[in-house]
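Enquirer: If you scroll down you'll find the structure; I have some questions about it.
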Amino acid sequence: MARTEKKKDVVIVGLGWTGSILGMELAQDGLEIVALERGHDQNTVPNFQYPNMIDELKYGVRLGMMQKPHNSTVTIRRDVNETALPYRSLGSFLPGIGVGGAGTHWNGLNWRPQLSEYRLRSHVEERWGAGIIPEDMHLQDYPVTYDELEPFFDRFEHVAGISGMAGNVKGKIIEGGNPFEAPRSREYPMPAMPTTWDGAKFAEAAKAAGCHPFPSPGGIASQAYVNEYGMQMGPCNHCGFCERYGCYNYSKSSPQTAILDALKRKPNFEYRTEADVLRVEMAADGKTATGVTYYDYKTGEEVFQPADLVILAAYQLHNVHLMLLSGIGKPYDPATGEGTTGRSYAYQMNGGYTLFFKDEHFNPFIGTGANGMSIDDFGMDNIDFGREGFIGGAYWRSGQTNGQPIRSMSLPKGSPSWGAGWKEAVGEWYGHSMSIGSHGSHMSYRGNFLDLDPTYKDPLGRPLMRMTFNWNPNDIRMTQFMKSKMEPIAQSMNPTSMQEGFKKEGAMYDVRPYQTTHNVGGSVMGADPKTSAVNRYLQAWDKHNIFVLGAGAFPQNTQYNPTGMVGGLAYWAAHAIRTDYLRNPRPLV
Amino acid sequence: MKKLVRVLGVLVVLGIIALLAFIFVPVQRTGPATQLAADFKPAKGQGEYVMRAGDCLACHTNEGGKPFAGGRAIQSPMGAIWTTNITPDKETGIGNWSLDDFRAALYDGVTPNGTHLYPAMPYENYRKMSEEDIVALYDYFMNEVEPVSNKVEETKLAFPFNLRFGLRAWNWLAANYEPGFKPTQGQDEQFNRGKYLVEGAGHCAACHSPRNLFMAQDGIDDTSKAFLTGGEIDGYTAPDLRGPESGPQKWTTEQTAAYLATARNAHSTATGEMMLVVRDSLQYLTKEDNMAIAAYLKKIGTGGEKAATAPAEPVVTETEKMLTEAKADMPLGPRLYLDNCGGCHLVNGKGAAEIFPELDDNSLVTAKSPKGLISVILHGAELPSTADRPMKVRMQGYDNRLSDEEVAALATFLREGWTNKAPAVSAADVKAIRDLPKH
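Here the protein sequences line up with chains A and B, keeping their order. Just so we're aligned, residue 1 is where the first sequence starts under UniProt numbering, counting upward by one. Just so we're aligned, residue 1 is where the second sequence starts under UniProt numbering, counting upward by one.
As structure tokens, this is what we get:
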């Protein structure tokens, strides 16, 4: 049954954004590298090619690019008193499958967190005192400063090819950009994308209200682009098929457009698809990993891949799952608060208004995943947590992402949801609505965590991972605060009607409607091994040759989409491995 | 009367003797163009570099075959010419060849036993190679290439082309010049380096020069007016490189060099045979050599040397207006363009630098033979991965989406759109290409 492959210097689990970045960086040191991808191989052509890809039913509704729950899923409950049940039908979040991972089917929104977010606990304690921190909140600083990370954010943005308008270059505020962003060392690699009418309308209203609108930054090419690896993007045509789709136009930032063909040229790099890693294997002394064992779907056998360095670069949920299955770190126990693997799972708290205008034409078929105008006036840096009674913040954005016929028919409340009445409502309102979204932070709590499910197993015999998660009052207060600020601005635009979608006190987590695939935490980075699973270089505290990439490292979620931070941290960790660890493999902290 | 018969008899006998001599007297083999020092040794890597410049690998390797083991069919109007095994295998390759044998193949197109090679082997051009490069190349094949035992199919062309001795006469016309390279006096080193690569190892004229009545290259160097003014290969048009509207003339030298090194530049991308030349040959040349080729081509332009002009204000063409307005009654061609092509190549037909080639003023679009354009629409195209531009940018094919009539309407639209002016394409043209066996 089992076969052993030739030993490699490095094994990378997962070939999405972080796996590609680590592969590319470490390959430059001549290391022999193998990346194992549980899914299939995929390229722009033929996998994303036109017009096959722009099939909303297949990809938007039936989720053709996502993992199949039959093969891999989690069980979910809202608190320890419930019995977790398998997440059998994807809804709330959509983990991808295949080479490129979630980097192929994202919307492209790319951000750097604000300055307060890297040291949120210190920020709160200094300004308001620890007393305002809810008793069950795991509020932590990142163990790395923004100044340390800046070059790596910059690197990722230039590799990924981000379009945007800087608002703060080395402390100099630039009119038209985001004045509240952390200072960046240089401009975005590409100019911002033009905005659609909804974004322009929102920006006008926001400005009139004293806010500071700017074009949303994203990995959507506004012009032809070549990155440091010689990889390329072509200008976007605003077709609106970003999220849930692979881009047929070479216009969306992804491992395919930014890294993979360059990586595949490296003679010391290889990758194997349909290779599902079952566990990381440990040396007898338990202090290091010896490689990984994976299931090879092509041959139907278990394979041991020995390696000196193990990089976990799968999606956040899968990284934490592998850690739990392999005994990396001590599993978190909510009863005692001990253990760190699976601790501090967090999500995102979003809300928004939909506005209907009888006489406006928004042409929703023009769009991109990162379209529109944003404001950061209600970001964490700008909020008096003590006064408002919550810790958190949000950025707002207005910009249509698509006008797809099945899922993108916003209708005023009370419209029939099927039949002739629905058709009539669609006829009346299609193209006449716009929305403003609030994309908010989500803190970590004692009761939100990941562990192994005692009951359910996947087809390869692994216990499923169990997610215990529910909304918390702090984040509800945050989102209600956003509602109170957004309502007057929305009103000022004089819509025919408007309706809100913000979570209210007592809201329970519902896995059915899509919310966001921003699952974070569970393999948190920190300065203290008692409250974090990996150190500041994303190195496992207890096994120094294992590095855990991805959004699992976030101690609590930021108010932004996570990819910018995930990319920045990947380059940060790669730099530490290349310049320090390889010379002398050991715990770096 | 008797005298006349006798004279005629003598003439016939002489004729027969001459014919027999023509057939059987061995060809004089050309010696070295220059005498090298007895201890001459090629620099490390020089031989492989010359091999890349000469693109030996492309023809002498079969699809999926071992490098240089031959067996690839080169299609010619007279039938398939099978390339030979040039690995140092003693039985089936060139392992027994001396340097003189090797040079004779490159200079005279003859094998050690006197057999004439068909000029699919571009000895017309290789005859310009320097003795240093010949020695380096010989050294490379003998010492660095793995011997492979592979007996390749014998080339059997139809009568009379199966009579290889006939090539002796052909050679008097085509490859009867002083061997070795003659730099142009008064031109700088870069020009002459470019000239050497283009005329010699690079054998650009094999595709880019027209062929004369005898199927010889009409111009193997820049003293000839027709040299590199465009040719045809396997039904595809190899574009003119010298006229004022040709790529190397209207692009900057840097842009031409980028095209050679990466198969893409600000205006265009390489497809078909040229894509293969970049993939197997030009991407391995140094930046300086690709710049030299580009600079040389620019200098031999037939429209006179033009100073690089600032791009003119973009003019909005009627085609762009029509595509932008996108009226419901648009003809089929432009409608298909909007539905299938405009997302990348845009309504102005200008695409985007290095990734989506311009279709306005593109030599492939307006080529005399529409075969290249139709092939790309049907089967797509892929750029090779190169060191500077590793991405295999691929345009998908539309053969399963567009009918012959639709491809014809689309291709005709492209050939007449914007500032393009080329004849229409018929559905029969498309069908002929759709029916070709796919590589």
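The beta carbon of each residue, even a glycine, is placed where N, CA and C say it ideally should be.
1. Can the beta-carbon of R272 of chain A be found less than 9 Å from the beta-carbon of A182 of chain A?
2. Which residues in chain A have a C-beta closer than 9 Å to the C-beta of K421 of chain B? List them in chain order.
3. List the residues of chain B whose Cβ lies closer than 9 Å to the Cβ of Y295 of chain A, in chain order.
4. Along the stretch 218-236 of chain A, what residues have a CB closer than 8 Å to any CB found in chain B?
5. By a C-beta neighbour count over all protein chains shown, 10 Å radius and 16 as the cutoff for buried, is L173 of chain B buried or exposed?
6. Chain B beta carbons: is any one of them nearer than 9 Å to that of P255 of chain A?
7. Mind listing, in chain order, the continuous alpha helix (DSSP H) runs of no fewer than 4 residues lying wholly within the UniProt domain "Cytochrome c" (42-145) of chain B?
8. Using beta-carbon positions only, say whether M465 of chain A and V292 of chain A come within less than 9 Å of one another.
9. Output, in sequence order along the chain, the residues in the stretch 334-362 of chain B whose CB is closer than 9 Å to any CB in chain A.
10. Expressed to the nearest angstrom, what Euclidean distance is found between the alpha-carbon atoms of L338 of chain B and K327 of chain B?
11. Using a Cβ-Cβ cutoff of less than 6 Å, which residues in the same chain neighbour R193 of chain B once the five nearest sequence positions on both sides are dropped?
12. Hey, out of A:C242, A:S216, A:H544 and A:S251, whose CA is closest to Q232 of chain A's CA?
13. I'd like to know whether the C-beta of Y59 of chain A is nearer than 9 Å to at least one C-beta of chain B.
14. Mind the definition here: the stretch 35-43 of chain A touches the stretch 12-19 of chain A only if three or more C-beta pairs lie below 8 Å; say whether that holds.
15. Just verifying my parser: in three-state terms, what is the DSSP assignment at W111 of chain A?
16. Relative to the alpha-carbon of P518 of chain A, which residue among A:G427, A:Y345 and A:E25 has its alpha-carbon at the smallest distance?
17. Any heavy atom of the ligand GTP within a distance shorter than 8 Å of the CB on D333 of chain A?
18. Nearest-angstrom Cα distance between F40 of chain B and P26 of chain B?
19. Say whether the stretch 554-561 of chain A touches the stretch 112-122 of chain A, bearing in mind that this needs 3 or more beta-carbon pairs closer than 8 Å, one atom from each stretch.
20. Would you decide whether N171 of chain B is buried or exposed? Buried here means 16 or more other CB atoms lie within 10 Å of its CB.
21. So the beta strand (DSSP E) Q499 of chain A belongs to, where does it begin and stop?
22. My output table needs one value for L460 of chain A: the three-state DSSP class, helix, strand or coil.
23. Examine chain B for any beta-carbon lying closer than 9 Å to the beta-carbon of Q49 of chain A, and answer yes or no.
24. Roughly how many whole angstroms lie between the Cα atoms of A226 of chain B and A201 of chain B?
25. Could you tell me whether the Cβ atoms of L460 of chain A and G522 of chain A are closer together than 9 Å?
26. Could you name the residues of the stretch 257-275 of chain A whose beta carbon sits closer than 9 Å to any beta carbon of chain B, in the order they occur along the chain?
27. Can you tell me whether DSSP reads G14 of chain A as helix, strand or coil?
28. Can you round the beta-carbon distance between G230 of chain A and R264 of chain B to whole angstroms, since I take them to be within the 8 Å contact cut?
29. Only counting the same chain, and skipping five residues up and downstream in sequence, which positions put a Cβ closer than 6 Å to that of K195 of chain B?
30. Is the beta carbon of V511 of chain A closer than 9 Å to that of Y87 of chain A?
31. Between the alpha carbons of P147 of chain B and A53 of chain B, how many angstroms are there, rounded?
32. Can you tell me where the beta strand (DSSP E) with E302 of chain A in it begins and where it stops?
33. Over the uninterrupted alpha helix (DSSP H) stretch that includes Y337 of chain B, give me the two end residues.
34. Leaving out the 5 sequence neighbours to the left and right, which residues in its chain are closer than 7 Å to L588 of chain A when beta-carbon positions are compared?
35. From the beta carbon of G380 of chain B, is the nearest beta carbon of chain A less than 9 Å away?
36. So the alpha helix (DSSP H) T531 of chain A belongs to, where does it begin and stop?
Expert: Reading it off the structure:
1. Here the question's residue 272 of chain A lines up with position 272 in the first sequence. Here the question's residue 182 of chain A lines up with position 182 in the first sequence. Contact: no.
2. As a working mapping, residue 421 of chain B is identified with position 421 in the second sequence. Those within 9 Å of K421 of chain B in chain A number zero; the least Cβ separation is about 27 Å.
3. Taking the first residue of the first sequence as position 1, residue 295 of chain A is located at position 295. Those within 9 Å of Y295 of chain A in chain B number zero; the least Cβ separation is about 30 Å.
4. Q223, A224, V226, Y229, G230, M231, Q232, M233, G234 and P235
5. Position 173 of the second sequence, counted from the start, is the residue given in the question as residue 173 of chain B. Exposed, by the Cβ-count rule.
6. Taking the first sequence and counting its residues from 1, the one referred to as residue 255 of chain A is at position 255. No, because no Cβ of chain B sits closer than 9 Å to the Cβ of P255 of chain A.
7. 46-54, 56-60, 99-107, 123-126 and 131-143
8. Counting from 1 along the first sequence, the entry for residue 465 of chain A is found at position 465. Counting from 1 along the first sequence, the entry for residue 292 of chain A is found at position 292. Cβ distance not < 9 Å, so M465 of chain A and V292 of chain A don't count as in contact.
9. D339, N340, G342, G343, C344, L346, G351, A352, A353, E354, I355 and F356
10. Along the second sequence, one-based indexing puts residue 338 of chain B at 338. Along the second sequence, one-based indexing puts residue 327 of chain B at 327. Spanning the two alpha carbons is a distance of roughly 11 Å.
11. Counting from one through the second sequence, the residue named residue 193 of chain B turns up at place 193. The answer, listed in chain order, is A292.
12. Working through the first sequence from its first residue, we reach residue 232 of chain A at position 232. Nearest option by C-alpha distance: A:S251.
13. For the purposes of this step, residue 59 of chain A is taken as residue 59 along the first sequence, with counting starting at 1. For Y59 of chain A, the answer is no, since every Cβ of chain B falls outside 9 Å of its Cβ.
14. Enough Cβ pairs lie closer than 8 Å, so yes.
15. By 1-based counting over the first sequence, the position of residue 111 of chain A is 111. Three-state DSSP puts W111 of chain A in coil, outside helix and strand.
16. By one-based count along the first sequence, residue 518 of chain A stands at place 518. Pro is not the amino acid found at residue 518 of chain A; the sequence shown has His there. For the residues A:G427, A:Y345 and A:E25, the minimum Cα distance to H518 of chain A belongs to A:Y345.
17. Ligands displayed in this structure: none; no statement on the ligand GTP is therefore possible.
18. Walking along the second sequence from the start, residue 40 of chain B turns up at place 40. Walking along the second sequence from the start, residue 26 of chain B turns up at place 26. Their backbone Cα atoms lie some 30 Å apart in a straight line.
19. yes
20. Reading the second sequence from its first residue, position 171 is the one you call residue 171 of chain B. Here N171 of chain B is buried: its Cβ has 16 or more other Cβ atoms, across all protein chains shown, within 10 Å.
21. Indexing the first sequence from 1 puts residue 499 of chain A at position 499. Note, Q499 of chain A: beta strand (DSSP E), S497 to E500.
22. The residue labelled residue 460 of chain A in the question sits at position 460 within the first sequence. DSSP places L460 of chain A in coil when its eight states are reduced to three.
23. As a working mapping, residue 49 of chain A is identified with position 49 in the first sequence. It does; some Cβ of chain B falls within 9 Å.
24. Counting from 1 along the second sequence, the entry for residue 226 of chain B is found at position 226. Counting from 1 along the second sequence, the entry for residue 201 of chain B is found at position 201. Looking at the two C-alpha atoms, the distance is approximately 19 Å.
25. What you label residue 460 of chain A is simply residue 460 of the first sequence in a count that begins at 1. What you label residue 522 of chain A is simply residue 522 of the first sequence in a count that begins at 1. Taking C-beta atoms as the reference points, L460 of chain A and G522 of chain A fail to come closer than 9 Å.
26. Close to chain B, meaning a Cβ-Cβ distance shorter than 9 Å, are the following residues of the stretch 257-275 of chain A: T257, L260, D261, A262, L263, K264 and R265.
27. Along the first sequence, read from residue 1 onward, the residue named residue 14 of chain A stands at position 14. DSSP places G14 of chain A in coil when its eight states are reduced to three.
28. For the purposes of this step, residue 230 of chain A is identified with residue 230 of the first sequence, where counting begins at 1. For the purposes of this step, residue 264 of chain B is identified with residue 264 of the second sequence, where counting begins at 1. The Cβ separation is near 11 Å, so there is no contact.
29. Locating residue 195 of chain B in the second sequence gives position 195, where the first residue counts as 1. Non-local beta-carbon contacts of K195 of chain B in its own chain, meaning distances under 6 Å to residues more than five positions away in sequence, involve Y296 in chain order.
30. Your numbering for residue 87 of chain A matches position 87 in the first sequence. Your numbering for residue 511 of chain A matches position 511 in the first sequence. A contact, by the Cβ cut-off of 9 Å.
31. For this step, residue 147 of chain B is matched to residue 147 along the second sequence. For this step, residue 53 of chain B is matched to residue 53 along the second sequence. Distance between the alpha carbons of P147 of chain B and A53 of chain B: 21 Å.
32. Your numbering for residue 302 of chain A matches position 302 in the first sequence. Taken as a continuous stretch (DSSP letters only), the beta strand (DSSP E) holding E302 of chain A covers E301 to L312.
33. By 1-based counting over the second sequence, the position of residue 337 of chain B is 337. Element bounds for Y337 of chain B: L332 to N340.
34. For the purposes of this step, residue 588 of chain A is taken as residue 588 along the first sequence, with counting starting at 1. Within the same chain, L588 of chain A has close Cβ partners N535, Y537, Q539, A576, D580 and Y581.
35. Start at 1 with the first residue of the second sequence, and residue 380 of chain B comes out as number 380. Yes, its Cβ sits closer than 9 Å to a Cβ of chain A.
36. Numbered from its first residue, the first sequence carries residue 531 of chain A at position 531. No alpha helix (DSSP H) holds T531 of chain A; DSSP gives it neither H nor E.
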